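This report concerns only the one structure given below.
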Ligand SMILES: [Zn+2]
Ligand SMILES: [Zn+2]
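Residue numbers (the working numbering): -9 to 351.
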């Protein structure tokens, strides 16, 4: 993610902020220029970004910003739309008459906006189900009909034909943490869910009917394998004992589709963290690094670079530093995963498929 500044007072502000903590200016994200703008009212519910961001454009708040306070994105005032580039994919939102649901929804929206930011930056095809019922994308945020949140829960977080469903319970930190422990996962976040499920969607968009399918099967395996029985097998027997040399997570070993989605999610994790490191001009260069293998100085836009080698070369040493920083705060590792060579080659496949999509759209 980029770093942003309030154009009114130069305070550093975050992607999620709606108000400058220093000067109180109203803030909104302008998806057409990938910037958080400090905004001045311009009458008739219109807002003008302070100079340097505006190019003279007027904006309105996304309806989920002005009415629901769960969004901070803006839409161009000259467009007819009421929802922003992230909210227009919402098909089902939580029942807001239930106490606490608005807060949970807000957390979901934060993860979703970070996902959409990355998809837009990557230049991936992004069309809503409303515009294209066949190939479009939509989100459903559903509360479980069964209040116990277990592995056998009825409202499953998942993807089906472009519809990404997230169980609202995932936004409840205590319940998600309990689930993480029950599933023995090192990492479980809303953002991770969004990234993983988007992987399933883009498998349909980028791989299913493409010249990549043969190579996909060579790298990830045969996805025509019966999904339900493969999941059942993974659940009952656990992953193969050598999973770490072949898969990014035990869950990825369940089925080639899950392997792709897990690998896709990790690709998005890496690209986002590298962008953040890049804009902060982060440099990792420990004293005892004689060969340079512990040195990281990402000086490129990871959303635009063609070389995957460069990405992974910067990433690996960066994770040692980031994990060490987290341990210094008594926090779990920032990136609690080991990337085996085979997993890295799968990730390169994801990278190539995305780069190709960029060239053909
Ligand atoms: Zn300010
Ligand atoms: Zn919105």
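Quick reminder that beta carbons are idealized off the backbone N, C-alpha and C, glycines included.
Computed from a predicted model, the values in this text were never measured in an experiment.
Segment limits, alpha helix (DSSP H) that includes residue i
i, result
"residue 50", "Careful: residue 50 lies outside any alpha helix (DSSP H), inside the beta strand (DSSP E) at 49 to 51."
"residue 209", "203 to 210"
"residue 306", "298 to 318"
"residue 340", "331 to 350"
"residue 91", "91 to 112"
"residue 167", "163 to 172"
"residue 184", "180 to 192"
Own chain partners of residue i with C-beta closer than 6 Å, once the 5 adjacent residues on each side are dropped
i, result
"residue 78", "118"
"residue 324", "312, 313, 316"
"residue 279", "285"
"residue 288", "264, 267, 268, 304"
"residue 148", "155"
"residue 15", "-4, -2, 28"
"residue 71", "65"
Distance between residue j and residue i (C-alpha atoms, nearest Å)
i, j, result
"residue 350", "residue 115", "10 Å"
"residue 34", "residue -2", "22 Å"
"residue 52", "residue 59", "10 Å"
"residue 321", "residue 199", "43 Å"
"residue 336", "residue 253", "7 Å"
"residue 354", "residue 219", "In the structure as shown, the chain starts at -9 and stops at 351, and residue 354 therefore has no counterpart that could be examined."
"residue 315", "residue 295", "27 Å"
"residue 109", "residue 25", "15 Å"
"residue 352", "residue 92", "Given that the chain is displayed from residue -9 to residue 351, the structure contains no residue 352 and the question cannot be resolved."
"residue 173", "residue 189", "21 Å"
"residue 343", "residue 101", "24 Å"
"residue 259", "residue 182", "8 Å"
"residue 105", "residue 272", "23 Å"
"residue 163", "residue 230", "30 Å"
"residue 195", "residue 125", "7 Å"
"residue 146", "residue 50", "35 Å"
"residue 96", "residue 277", "43 Å"
"residue 40", "residue 332", "48 Å"
"residue 134", "residue 187", "18 Å"
"residue 212", "residue 1", "51 Å"
Sheet register partners of residue i (DSSP bridge)
i, result
"residue 154", "129, 149"
"residue 286", "274"
"residue 268", "Residue 268 is not bridged to any residue."
"residue 37", "31, 49"
"residue 16", "9, 29"
"residue 65", "50"
"residue 2", "-5"
"residue 56", "Note: residue 56 sits in no beta bridge, so no partner."
"residue 231", "Residue 231 pairs with nothing; no bridge assigned."
"residue 118", "127"
Cβ neighbours of residue i in the same chain (closer than 8 Å, five flanking residues each side left out)
i, result
"residue 99", "54, 60, 61, 76, 77"
"residue 413", "The shown model of the chain, from -9 to 351, leaves out residue 413, and the question about it has no answer."
"residue 81", "119, 128, 129, 130, 153"
"residue 3", "-6, -5, -4, 10, 11, 17, 26"
"residue 408", "Coverage of the chain is limited to positions -9 through 351, which leaves residue 408 absent and any answer about it impossible."
"residue 298", "337, 338, 341, 342"
"residue 234", "328, 330"
Whole-angstrom C-beta distance between residue j and residue i, which should lie under 8 Å
i, j, result
"residue 217", "residue 245", "6 Å"
"residue 63", "residue 27", "So it is not a contact: roughly 11 Å between Cβ atoms."
Cβ neighbours of residue i in the same chain (closer than 7 Å, five flanking residues each side left out)
i, result
"residue 345", "296"
"residue 206", "197"
"residue 22", "66"
"residue 261", "108, 292, 293"
"residue 86", "92"
"residue 290", "268, 300"
Residue interval of the beta strand (DSSP E) (run including residue i)
i, result
"residue 81", "80 to 82"
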